[in-house]
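Numbering of the sequence shown is given in the numbering used here, commencing with residue 401 and proceeding in unit increments.
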Amino acid sequence: MATLPKYSVHDRLSELKAFDETKAGVKGLVDAGITHIPRIFHTPPHLHDQRPSVRADQGCNNFCFPIIDLEGVGGLGTDKWKRVAEEICDASSKWGFFQVVNHGIPTSVLEEMKAGVLRFHEQDLDEKKRFFSRDPARKVAYNSNFDLYSGPVANWRDTNYYYMAPDPPLPETIPPPCREILIEYSKQLETLASLLFQLLSEALGLPTNYLEEMDCAKGVNVMLHYYPACPQPELTMGTTRHTDTNFITILLQDDIGGLQVLHQDHWVDVPPMPGALVVNIGDLLQLVSNDKFLSAEHRVLASKVGPRVSVACFFSTGLLPNAKVYGPIKELLSEENPPRYKEVTIPEFVGYVKGRGLDGSSVLQHFELRSAS
Ligand code: OGA
Ligand code: NI
401 MATLPKYSVH DRLSELKAFD ETKAGVKGLV DAGITHIPRI FHTPPHLHDQ
451 RPSVRADQGC NNFCFPIIDL EGVGGLGTDK WKRVAEEICD ASSKWGFFQV
501 VNHGIPTSVL EEMKAGVLRF HEQDLDEKKR FFSRDPARKV AYNSNFDLYS
551 GPVANWRDTN YYYMAPDPPL PETIPPPCRE ILIEYSKQLE TLASLLFQLL
601 SEALGLPTNY LEEMDCAKGV NVMLHYYPAC PQPELTMGTT RHTDTNFITI
651 LLQDDIGGLQ VLHQDHWVDV PPMPGALVVN IGDLLQLVSN DKFLSAEHRV
701 LASKVGPRVS VACFFSTGLL PNAKVYGPIK ELLSEENPPR YKEVTIPEFV
751 GYVKGRGLDG SSVLQHFELR SAS
């Protein structure tokens, strides 16, 4: 029987470097016509996940993904407002995920945004390489796998990202293939996020502006993901399972599918729905809500079909370099509901998350208060 060649840490590092130095990303491998994916992309045994998948094309089998209709939600305190807040409360506590429809963002903006992602990633390679960077101080950059060197495995995905708030990049620094639409899209998403934070505050039984006043929507990071078609999708992942480490994420996906959320020990497809946006709760919102809301694990499967594109818009504090602490919201606590997490500053939180990469383990657990027994 042939034995597999030994794959040392040293070999892995040089393969990662060689891949990174092409600055052509996963798309570059596919364009070169590879039929076998490099070892750096092979999912290691400890990240293999045997839990069953519930696929959207096989019906929802008791796992019907929550859909929330924001049509006419308008007035604070109206019946419709309260009903929507209840639905959001239910979805955020049971799933940590939901889709919103009739959210007020025109379909033309969503379509043009997806077209912008394709235009960025499929532009002339020399032009695209000008944006290639791993410098954390850059507000506009492109690379493949933010955690290429720190994470346990490379994913089948390239990403172009922007820090749009609180200090947006100068328009002329945004690549022309997506400049105009990116500015428009983030403006619209900030308005939608504001509405969602109001509804989430209501859902927690707090004053409407509570979460926004905690600066939950101050920082906006937009990621334009590009998942090329993969010749051996069973050996790798588009995105390793993870939770988002922010307050909320609003995601636009195309019609290819592959995003799954872990719900009751099943990987449930987040079904592509024309015109809808996917919303998910991040670790910081689970922490401040003292586990009322759930930051659910999710992942993206690699596929023979592609490219798939998505746009993930992360709302966080804007990484304020200050000493403001985030802990379970006092108004939510009682004798029956004691705080489950320590108070953390954002630099502490981000410091812990950084450098770990997507390794499949829980960030929140690290900040749990162990009950003194
Ligand atoms: C993310 C993410 C899902 C997708 O960027 O954190 O989970 O469908 N993206 O691209
Ligand atoms: Ni995510």
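Every residue, glycine too, gets a C-beta built ideally from N, C-alpha and C.
Secondary structure note for A491: its alpha helix (DSSP H) is the uninterrupted segment 479-494. The C-beta distance from H663 to P452 rounds to 11 angstroms, too long to fall under 8 angstroms, and the pair is not in contact. Taking 8 angstroms as the cut-off, the Cβ atoms of S594 and E612 count as close. Relative to the non-hydrogen atoms of the ligand OGA, the Cβ of H521 never comes closer than 7 angstroms to any of them. Distance from Y542 to K528 at the Cβ level is roughly 6 angstroms; contact confirmed, criterion being Cβ atoms closer than 8 angstroms.
According to the DSSP assignment, H521 belongs to the alpha helix (DSSP H) that extends over 507-521. The bridge partners DSSP lists for I681 are I648.
In this structure the stretch 510-518 does not touch the stretch 471-480; the number of beta carbon pairs closer than 8 angstroms is below three. Of the candidates R770, F715, A696, P739, A696 places its Cα closest to the Cα of W495. For L518, same chain residues with a beta-carbon under 8 angstroms away, outside a window of 5 residues either side, are Y626, P707, V709 in chain order. In this structure, the CA atom of P552 is about 20 angstroms from the CA atom of D535. In this structure, V763 is the residue among V409, V763, D457, R439 with its C-alpha nearest to the C-alpha of D644. Each of D567, L570, D683, V409 was checked against the Cα of V753, and the nearest Cα belongs to D683.
Only buried fits P577, as 16 or more other CB atoms lie within 10 angstroms of its CB. Rounded to whole angstroms, K427 and L624 show a C-alpha spacing of 14 angstroms. Relative to the ligand OGA, the beta carbon of Q458 is positioned no closer than 7 angstroms to any heavy atom. Secondary structure within the stretch 406-461: the alpha helix (DSSP H) runs of 4 or more consecutive residues, fully enclosed, are 409-421, 425-431 (chain order). Under the DSSP assignment, T639 falls in the beta strand (DSSP E) whose first and last residues are 637-642. Contact annotation: V688 and F497 have beta-carbon atoms that are not nearer than 8 angstroms.
Secondary structure of E590 (DSSP, three-state): helix. The distance from the Cβ of N609 to that of F715 is about 15 angstroms, inconsistent with a contact at the 8 angstroms cut-off. Using a 10 angstroms sphere on the CB of G657, the tally of other CB atoms reaches 16 or more, which defines it as buried. In this model, I467 and T507 are separated by some 17 angstroms (Cα to Cα). I574 sits in coil when the DSSP states are folded into three classes, being neither helix nor strand. By the Cβ-count criterion, A537 is exposed, with fewer than 16 other Cβ atoms from all chains shown falling within 10 Å of its own Cβ. Look at Q765 here: in three-state DSSP terms it is helix. I746 is positioned such that its CB atom lies closer than 8 angstroms to that of T717. Within the chosen limit of 7 angstroms, the ligand OGA reaches the beta carbon of M623 through at least one heavy atom. Boundaries of the alpha helix (DSSP H) around Y610: 610-613. The closest heavy atom of the ligand OGA lies 7 angstroms or more from the beta carbon of D526. Relative to the ligand OGA, the nearest heavy atom lies less than 7 angstroms away from the CB of V700.
Taking 3 residues as the minimum length, the beta strand (DSSP E) runs contained wholly in the stretch 682-711 are 698-701, in order along the chain. Residue state for F497 is assigned as strand, using DSSP reduced to three classes. DSSP places D526 within a helical segment (H, G or I) once states are collapsed to three. By the criterion of a C-beta distance shorter than 6 angstroms, A485 is surrounded in its chain by L599, E602, A603, once the five residues flanking it on both sides are discounted.
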